[in-house]
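Protein chains in written order, with our numbering: chain A, 64 to 220; chain B, 64 to 220.
Scroll down for the structure; my scribbles are underneath it.
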DNA sequence: GTATCTGCAAATCTTTTGCTCATCA
DNA sequence: TGATGAGCAAAAGATTTGCAGATAC
């Protein structure tokens, strides 16, 4: 199966046009670039990250347009909002159920899936609490690269 | 076993004094009240919440002192910081491994534990990624009270 | 007595909003 | 052409910081 992340440029364009037509939105070049940028991105960028990434390609793009477009895509179910340990808002284009690995040194957020977990029966505490609509695991630690960096500086923790 | 949350006022005072002595900190009445307030609290308040809760008891307490004290307690391992879907910083005094139930209507965060989950073998993706030091599950949905409220207004979602 | 802490004010940082002109359908 | 969107500037909200006087040890 082809996930959204694997789509090439023209596939995203088509998808974007269909989305806009369905939702009664205008297809502006800014929105298209923002969508392209985030959908192809394997990390989970902030609005600032997206803005930086597009500055070369669109020098006049403003940060608040990025914020507005991302909020728009969120409202239309294309993206999810995510608060990382840095207190800033990250955007997650992955629509399939998944979990996160967060590096506390570099702040990068990786996705992962976990079949054995999905097979687990929900805990009784959750059923008693109310109605759960989304379950997400966040694993925090150090990614391989940051471990490596610490190792070479002979600073293990 | 007696958890920190069950401690009475004088037990917290003793614990606070020991903590300060160990860390070379001063035992100020502000810090003590802030610690009392958050340790006995079963929800996960923001700095603002703590400040509001203490206004009656300490009218001159300023919000930035609350921020400073909470940051201090975090550095000394007494509290954990938590970013909820409201984008604000919540503080979590629960030191035992646990997970969170977040209501997307009222924003309240409840703790729960899940023995079957803790028994699970970590996924291979996590081992490949690096070194995981903390695992936390976040279940988002509607708590019983908010479900009830929606129900009585004949608005189900 | 002295280093640390508090409270105040102001700064900082992220995100949102009002407005005007431009642009897409 | 007429509504919607972009860019600008400024506001809003949360958190942090510099400083002067107060306080714990």
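Virtual Cβ for every residue (Gly too), placed ideally from N, Cα, C.
Fair warning: this is a prediction, and the values are worked out from it, not measured in the lab.
Asked: Sort out for me which residues DSSP pairs residue 162 of chain B with in a bridge.; Found: B:175
Asked: What is the DSSP secondary structure of residue 218 of chain B, counted as helix, strand or coil?; Found: For residue 218 of chain B, the pLDDT reaches just 46, beneath the cut-off of 50, and the residue's location in the model is therefore unreliable, leaving the point undetermined.
Asked: Quick one: Cα of residue 74 of chain B to Cα of residue 86 of chain B, how far?; Found: 18 Å
Asked: Take every Cβ of the region 113-128 of chain A, pair it with every Cβ of the region 86-98 of chain A, and state whether three or more of those distances are shorter than 8 Å.; Found: yes
Asked: Do you know how far the Cα of residue 107 of chain B is from the Cα of residue 207 of chain B?; Found: 18 Å
Asked: Would you decide whether residue 109 of chain A is buried or exposed? Buried here means 16 or more other CB atoms lie within 10 Å of its CB.; Found: buried
Asked: What does the alpha-carbon distance come out to for the pair residue 177 of chain A and residue 154 of chain B?; Found: 28 Å
Asked: Can you tell which of B:139, B:174, B:116, B:105 has its C-alpha closest to the C-alpha of residue 81 of chain B?; Found: B:139
Asked: For a contact defined as C-beta to C-beta under 9 Å, what are the partners of residue 206 of chain A on chain B?; Found: 192, 193, 194
Asked: Within 7 Å of any Cβ in chain A, is that where the Cβ of residue 198 of chain B sits?; Found: yes
Asked: Compute the distance between the beta-carbons of residue 126 of chain B and residue 114 of chain B, then report whether it is under 7 Å.; Found: yes
Asked: Can you list, in chain order, the residues of its chain with a C-beta nearer than 7 Å to that of residue 89 of chain B? Leave out the 5 residues immediately preceding and following it.; Found: 83
Asked: Can you give me the C-alpha to C-alpha distance between residue 231 of chain B and residue 186 of chain B, rounded to a whole angstrom?; Found: Nothing can be reported for residue 231 of chain B: it is not among the residues displayed for chain B, which extend from 64 to 220.
Asked: Is there at least one Cβ from chain B nearer than 7 Å to residue 210 of chain A's Cβ?; Found: yes
Asked: Assuming residue 203 of chain B is part of the beta strand (DSSP E), what are its boundary residues?; Found: 193-206
Asked: Which residue marks the beginning of the alpha helix (DSSP H) containing residue 153 of chain B, and which one marks its end?; Found: Where residue 153 of chain B is concerned, there is no enclosing alpha helix (DSSP H), although the beta strand (DSSP E) it sits in stretches over 152-155.
Asked: Exposed or buried, residue 219 of chain B, counting other C-beta atoms within 10 Å across all chains shown (16 or more means buried)?; Found: Confidence at residue 219 of chain B is low in this model, with a pLDDT of 43, below 50, so the placement of that residue should be treated as unreliable; the coordinate-derived value is given next. Flag for residue 219 of chain B reads exposed.
Asked: Any idea if residue 152 of chain A is buried or exposed, counting beta-carbon neighbours within 10 angstroms, 16 or more meaning buried?; Found: buried
Asked: Taking the beta strand (DSSP E) that residue 145 of chain B belongs to, which residues open and close that run?; Found: 143-146
Asked: Which of the residues in the region 118-144 of chain A, read from start to end, lie with their CB under 8 Å from any CB of chain B?; Found: 144
Asked: Take every Cβ of the region 164-177 of chain A, pair it with every Cβ of the region 189-196 of chain A, and state whether three or more of those distances are shorter than 8 Å.; Found: no
Asked: Would residue 101 of chain B and residue 156 of chain B be called neighbours here (beta carbons separated by less than 7 Å)?; Found: yes
Asked: Between residue 167 of chain A and residue 131 of chain B, what straight-line distance do the alpha-carbon atoms span, to the nearest angstrom?; Found: 22 Å
Asked: Output the residue ranges of the alpha helix (DSSP H) runs that lie fully inside the region 93-136 of chain A and measure 4 residues or longer, sorted by chain position.; Found: 110-118
Asked: If you run the structure through DSSP and keep just helix, strand and coil, what is residue 83 of chain B?; Found: helix
Asked: Spatial neighbours of residue 72 of chain B within its chain, please: CB distance less than 8 Å, with the 5 preceding and 5 following residues excluded, ordered by chain position.; Found: 99
Asked: Give the interface partners of residue 78 of chain B over in chain A, defined as CB-CB distance under 7 Å, in chain order.; Found: Result: empty, since nearest Cβ-Cβ is about 26 Å, beyond 7 Å.
Asked: Cutting at 8 Å between CB atoms, please list the residues of its own chain near residue 211 of chain B, excluding the five before and the five after it.; Found: none
Asked: Please decide whether residue 186 of chain A counts as near chain B, where near means a Cβ-Cβ distance under 7 Å.; Found: yes
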